[in-house]
Each structure stands twice: as C-alpha cells, then as structure tokens.
Amino acid sequence: MVNFKKNSLAPISALKYLFKKPHTVRYPKEDLNVFYLKGVSPRYRGLHTNDLSKCIGCGSCAKVCPANAIMMVESKDVKPANKFAKTVRPVIDYGRCCFCGQCVDVCPTRSLQMSREYIHSFHPKLSTSSEKEPETVVEDFIWRPDQTHADNPGYVRT
Amino acid sequence: MELRPLNVSNTNDKYKTYELFIGPNHPGISGNFSYVLDMEGHKVANVTPDPGLLHRGFEKLMERRLWTQNLALIPRICVPEPDVNEVAYCMGVEHLAGIEIPKHAQYIRVIVLEMARIAAFLFSFAGLGGSTGLYTAPNWSIGDRDYILDLFEWLTGGRVYHIYQYPGGVKKDIPDGWLDKLLELLDYLESRLPEYDNLIFRNPILQKRTKGVGYLPAEKAIKNGITGPNLRASGIKWDIRKAQPYLVYDELNFDIPITGEGDAFARTLQRRLELEESIKILRQCANQIPDGPYKVKIPNPFQFRVPAGSYYSKVESSKGEFGYYIVSDGDVKPYRVYVRGPSYSVGLYYANEIMRGMRIEDVPVWIHTMDICPPDFDR
Ligand code: SF4
Ligand code: SF4
Chain L
397 MVNFKKNSLA PISALKYLFK KPHTVRYPKE DLNVFYLKGV SPRYRGLHTN
447 DLSKCIGCGS CAKVCPANAI MMVESKDVKP ANKFAKTVRP VIDYGRCCFC
497 GQCVDVCPTR SLQMSREYIH SFHPKLSTSS EKEPETVVED FIWRPDQTHA
547 DNPGYVRT
Chain H
104 MELRPLNVSN TNDKYKTYEL FIGPNHPGIS GNFSYVLDME GHKVANVTPD
154 PGLLHRGFEK LMERRLWTQN LALIPRICVP EPDVNEVAYC MGVEHLAGIE
204 IPKHAQYIRV IVLEMARIAA FLFSFAGLGG STGLYTAPNW SIGDRDYILD
254 LFEWLTGGRV YHIYQYPGGV KKDIPDGWLD KLLELLDYLE SRLPEYDNLI
304 FRNPILQKRT KGVGYLPAEK AIKNGITGPN LRASGIKWDI RKAQPYLVYD
354 ELNFDIPITG EGDAFARTLQ RRLELEESIK ILRQCANQIP DGPYKVKIPN
404 PFQFRVPAGS YYSKVESSKG EFGYYIVSDG DVKPYRVYVR GPSYSVGLYY
454 ANEIMRGMRI EDVPVWIHTM DICPPDFDR
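Those sequence lines, one after another, are chains L and H. Residue numbering for the first sequence follows my numbering, beginning at 397 and increasing consecutively. Residue numbering for the second sequence follows my numbering, beginning at 104 and increasing consecutively.
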C-alpha cells in the first residue's frame with residue numbers, strides 16, 4: 397500500500413513540471429499528433445458529405461435523425477439514380493445536428509458520410525445589418541451536404 | 104459616518120443571518136445547479152436544493168423516440184461519464200429483446216467503462232483541487248484526462264459524447280494499434296500516480312481541509328441509498344462489479360479497496376485507490392480480449408421492436424449505481440424509461456441533512472468529494 401502520510405515537502409516536487417512541455421497544443425500553429433493522421437481522429441464525426449449522384453432520396457436519414465435536423469428538399473440539379481429513386485436530397489440544419497452519426501449508420505447507399513472537417517463557426521461581416529443577420533446565419537447553418545469535404549472522410553458506415 | 108473602533112467586534116444584526124445562493128455558474132458547484140443556503144454567520148443553518156435549470160425532460164423525450172434514437176440522447180444525462188448511460192440502457196434493451204452480445208463486444212464495453220471511470224475520477228480530483236485552492240491539481244488531471252479522451256476519439260469518433268454503444272454490441276471495432284496505445288497510456292497514467300500522491304494526497308494543507316469534513320456514517324449511507332465510492336469510503340464493501348457481475352467482470356481479477364473513515368479525505372483517497380484498480384482491469388482486458396464479431400445484427404431502427412416487459416439494468420459508475428428501469432409495451436419506442444442517477448440521493452436528499460451546521464468553506468469540498476453530478480438528477 398502506498399504511503400499517504402502528510403509530508404510538507406511532497407507537493408514541492410511538483411515544481412519540476414515548470415520546466416516540462418505543457419499538455420496543450422498551440423492550435424493554429426500546431427495540430428494534434430496522436431493519430432496516424434494529423435489532426436482529429438480518423439473516425440471523427442464532423443460535417444457531412446453526401447454523394448449526390450449515389451443518394452436515392454429515400455429519406456431514411458431524415459426519419460432517423462433524433463434531433464430532427466434533416467429536411468428533404470427537392471433538388472433540380474440532380475438526376476435520379478434509377479427509376480425508383482427520387483430527386484429530393486437531405487439538407488442539414490447544423491444548429492440542430494448533434495453529430496451522433498445515426499444518419500450515416502442508416503443510409504442504405506452509403507452516400508452520406510461524415511468528414512473530419514469540424515470548423516463550422518462563423519461570424520457575419522460587420523457590415524451586415526441586424527435585419528439581415530438571421531438570414532446569413534440560416535444560410536451558413538442550413539445547407540445541403542455534397543462532396544466538398546469528401547477527400548477527408550471521417551465516420552463512415554462499415 | 105462614524106467609524107467602528109477596531110477593538111469592538113461587528114455586532115451588526117444585518118449580517119447575522121443571511122441567504123447565500125451558491126450556483127448555478129459558481130466555481131464551487133459541480134454543474135448548473137444551485138443550493139440556497141440560509142447562513143448564520145459562518146455556519147449553514149438550512150439548505151434548499153434548487154433544481155430546474157438543467158432539467159431537459161429526458162425521460163419524457165425518450166418515450167417519443169425510437170429505441171436506437173435514444174442513444175444520441177442519453178449520454179447527456181451524465182456529462183463527466185456518459186458511457187455508463189449507454190451501456191446500462193443497451194444492456195436493458197438487450198435483456199428485454201433477448202439478444203446475447205459477443206464476448207469481444209463485452210470486453211470492448213468493459214474497456215470503455217473503465218476508461219470512462221478513470222476519466223471521471225480525474226475530473227473529481229480537479230473539482231477537489233478547485234474547491235481547496237490547489238489549482239495545480241485541475242491543470243494536471245484535466246490534462247491527463249485529455250489523453251483518455253484522445254483514445255476515445257479514435258475509438259468512437261467523439262470526444263465527450265461517444266454514442267458508441269448499440270443494442271447488440273458496439274458500433275465499430277477497435278482500430279489497429281489502438282490497444283497498444285491504450286497500454287502506453289496506462290503506463291503513463293501509472294507513472295503519474297506518485298506525482299498525484301505527492302501533490303494532492305500527501306499535501307498537509309489538503310489533508311487539513313478535508314479530514315473530518317462531511318462525515319458520512321455507514322448506516323446513514325445505506326439509509327439514504329448512497330452507493331459507489333462514497334459508500335465504500337464509509338467502510339462497506341459493495342460494488343456491483345463484484346456483487347452482481349455484469350459483462351465480463353467475473354472473468355477479471357481486481358480488488359475493491361476500502362478506506363473506511365467516511366470523511367472527505369477518505370472519499371478522495373477511495374477514488375485514487377480505485378483508479379489504480381481500473382488501470383489493472385484495463386491491462387487485463389487489453390491482454391485477454393478475444394477475437395470475434397463486435398456486434399450482432401439487429402433489425403433496422405424503424406422495425407426494431409422490443410418485446411413487452413420491464414427490466415432494471417444497473418452499472419457501477421464512478422459515482423455509484425447507475426440504473427435504467429425500462430418498460431416496453433412491444434412497440435418501436437419505449438413505454439417508459441426511468442433513470443436512477445447515483446447523485447440523486449446525495450445531492451438532493453442527503454445534502455439537506457449533512458450541510459446543516461457545516462462551515463461555508465466546507466460546502467464545496469463536500470460537494471466535490473461526494474462527486475455530485477447535477478445532470479443525473481436534474482435531468
Ligand atoms: S443520404 Fe442516404 S439515407 Fe439520406 S436520402 Fe440519400 S440515400 Fe437515403
Ligand atoms: S449526425 Fe445525428 S443529429 Fe446530425 S443530422 Fe445525422 S442523425 Fe441528425
């Protein structure tokens with residue numbers, strides 16, 4: 397058993413940590429170096445990517461989302477993959493999404509995936525008038541995921 | 104204005120009794136929760152716990168969501184240690200649905216639970232350091248906890264809310280090289296323990312501040328339903344992992360240390376000793392984890408019906424017994440889920456009794472050594 401006797405000198409030994417490297421990573425200059433990839437983990441649940449040509453618009457992702465963050469929106473720019481497929485595509489409200497990954501788990505075509513991209517904070521330009529601000533916030537937080545982050549895949553369905 | 108002469112004490116009645124509000128964003132409290140203290144000078148005369156700010160109506164929300172959808176919700180019931188919620192809930196659902204999960208998945212669950220326990224213990228050392236003015240302790244323990252979170256992130260994809268358990272097993276298998284990293288981390292944590300002892304547990308100031316504070320006699324602990332390290336620090340050897348083993352705890356070799364003095368210092372020391380046991384458990388798991396599938400397939404979430412019935416599943420968390428009472432009426436959604444958080448009996452009931460007569464500076468020490476986690480009773 398370890399000795400837990402009082403010892404006034406014992407806490408002083410902590411002083412040696414003044415000369416050691418800190419735990420923290422100075423983020424924009426350095427990045428995490430713990431995984432085999434630089435940055436966040438290879439399975440990170442970040443912003444979504446969706447292969448719009450593979451997606452069949454089935455709406456399972458919208459139905460399973462516990463936060464009700466997904467809306468199926470008619471998209472003019474996509475072609476249905478086969479004759480049963482629809483042309484609606486998921487649009488995600490990042491103000492509601494909790495990054496649980498359930499939409500990825502349920503997607504039958506595996507087109508919906510999550511990337512290692514995690515920065516989704518933004519601030520409107522100072523010149524934005526206060527009446528316009530809600531609109532810009534909506535534009536930045538509700539969008540249709542596509543292949544923008546597809547080169548950096550994170551949490552994918554196995 | 105006439106100044107009071109220095110040798111006359113202040114007899115101003117205005118400050119004899121007063122009300123002191125501690126919380127919800129007070130550094131001395133462990134979450135968005137508050138106590139209203141009626142003070143008499145330095146002593147607490149009466150306490151009124153004031154819940155509500157954290158109330159999110161989880162139990163009702165769960166009745167409106169699919170069995171698997173709830174897994175995104177329940178980790179939020181205990182913020183410092185979310186995995187116990189997922190595991191207890193999944194174990195309950197699996198019992199009702201008659202699903203037997205593979206050995207490999209059971210080992211993964213034990214690994215996740217024990218890592219979460221270590222992380223929660225480190226968090227509680229930070230709380231103790233904060234409430235006694237030993238600010239090096241939070242810096243160290245939160246820093247070391249982050250190495251555990253790194254491994255969690257690698258395994259599950261999330262740092263704090265892992266959403267990793269699933270009825271039938273876990274969501275993904277252990278990645279290559281992860282277990283080696285885990286063993287490395289355990290070596291590191293073990294090498295840090297003597298430093299923690301020197302800084303925190305052998306520190307004469309901390310011992311003076313915590314010894315004899317908030318004495319919890321064993322019979323009171325049982326009467327109030329206090330479990331976990333707080334009960335064991337009062338000298339009662341009760342741990343669900345040993346008493347009613349779940350998962351693969353009966354295949355693992357570990358002890359339950361007992362301190363027994365029942366005061367604030369004994370409770371912290373209890374956590375420190377249990378941390379060592381958790382490291383031991385993790386080492387065994389990493390070395391003897393069998394190969395095999397990490398899950399059994401369950402129907403898709405929209406068709407996943409759990410047969411009617413009710414079951415109480417419980418898990419030993421870092422704070423005590425964490426239980427889920429699950430009632431199903433055979434539908435795709437639960438009929439009722441009741442959560443038994445370990446801090447409920449301590450933070451809401453026993454607080455009324457113990458805090459009376461306590462000195463004001465001992466209140467945060469008591470809160471943090473009891474490891475009260477408000478999200479699990481104000482849910
Ligand atoms: S992303 Fe997947 S689940 Fe969602 S509509 Fe497309 S195919 Fe269906
Ligand atoms: S990650 Fe979870 S919360 Fe976010 S859109 Fe997918 S299912 Fe909804």
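By construction, the Cβ of each residue, glycine as well, lies at the ideal position given by its N, Cα and C atoms.
- The Cβ atoms of Pro541/L and His444/L lie closer than 7 Å to each other.
- CA-to-CA, the gap between Ile339/H and Glu322/H works out to about 9 Å.
- Inter-residue distance for Phe161/H and Cys496/L is about 17 Å (C-alpha atoms, whole angstroms).
- Counting C-beta pairs with one atom in each stretch, the stretch 459-471 of chain H and the stretch 431-446 of chain H have fewer than three that are closer than 8 Å, which means they do not touch.
- Only residues of its own chain outside the window of five on either side were considered, and among them Phe537 have a CB closer than 6 Å to the CB of Gly491/L, listed in chain order.
- Between the C-alpha atoms of Ala222/H and Gly433/H there is a straight-line separation of about 37 Å.
- Within 6 Å of the C-beta of Gly455/L there is at least one heavy atom belonging to ligand 1.
- A straight-line Cα-Cα distance of about 41 Å links Phe425/H and His519/L.
- Listed in chain order, the positions of the stretch 491-504 of chain L with a beta carbon within less than 8 Å of a beta carbon of chain H are Cys494, Phe495, Cys496, Gly497, Gln498, Asp501, Val502.
- Contact residues of the stretch 371-394 of chain H toward chain L are Leu372 (C-beta to C-beta distance below 7 Å).
- With a threshold of 7 Å between beta carbons, Arg422/L makes no contact with chain H.
- Taking 7 Å as the CB threshold, Arg553/L stays off the interface with chain H.
- With fewer than 16 other CB atoms across the displayed protein chains lying within 10 angstroms of its CB, Leu411/L is exposed.
- Close CB contacts of Ala389/H within its chain, under the 6 Å cut and outside five residues either way in sequence, are with Leu282, Leu285, Leu286 (chain order).
- For Pro462/L, the neighbours in chain H by C-beta distance under 7 Å run, in chain order, Arg168, Gln172, Ala175, Leu176.
- Looking at Pro178/H, Ile308/H, Gly195/H, the one whose alpha-carbon comes closest to that of Val409/H is Gly195/H.
- Inclusion of Cys451/L and Ser507/L in the CB contact set at 7 Å is warranted, their separation being smaller than that value.
- Ala240/H sits close to Gly232/H, with the two beta carbons spaced by under 7 Å.
- Gly442/L places its beta carbon less than 7 Å from that of Glu513/L.
- Taking a contact to require three or more Cβ pairs closer than 8 Å, the stretch 425-441 of chain L and the stretch 253-264 of chain H qualify as touching.
- Looking at the DSSP output, Gln310/H bridges to nothing.
- Taking the beta carbon of Arg295/H as reference, no residue of chain L falls within 9 Å; the closest one sits roughly 11 Å away.
- A contact is defined here as three or more CB-CB pairs under 8 Å, and the stretch 474-494 of chain L fails this definition with respect to the stretch 291-298 of chain H.
- The alpha-carbon of Leu355/H is positioned some 7 Å away from that of Gln387/H.
- Taking Val215/H as the centre and dropping the five residues before and after it, the same chain places the C-beta of Asp186 closer than 6 Å to its C-beta, in chain order.
- Ligand 1 has a heavy atom closer than 6 Å to the beta-carbon of Leu508/L.
- Interface criterion not met: the Cβ of Lys434/L is under 7 Å from no Cβ in chain H.
- In the three-state scheme derived from DSSP, where H, G and I count as helix and E and B as strand, Pro332/H is classed as helix.
- Apart from the 5 residues on each side of it in sequence, Arg220/H sits with its Cβ closer than 6 Å to the Cβ of Ser381, Ser421 in its chain, given in chain order.
- Between the alpha carbons of Lys417/H and Ser526/L lies a gap of roughly 51 Å.
- Closer than 6 Å to some heavy atom of ligand 2: that describes the Cβ of Phe495/L.
- Here Ile384/H is near Glu217/H, since their CB atoms are less than 7 Å apart.
- Around the C-beta of Ile408/L, fewer than 16 other C-beta atoms lie within 10 Å, and the residue is accordingly described as exposed.
- No Cβ of chain L is located within less than 7 Å of the beta carbon of Gly363/H.
- When C-beta atoms of the stretch 201-214 of chain H are compared with those of the stretch 302-322 of chain H, fewer than three pairs fall below 8 Å, so the two segments do not count as touching.
- Checking the 6 Å criterion, the Cβ of Ile132/H is out of range of every heavy atom belonging to ligand 2.
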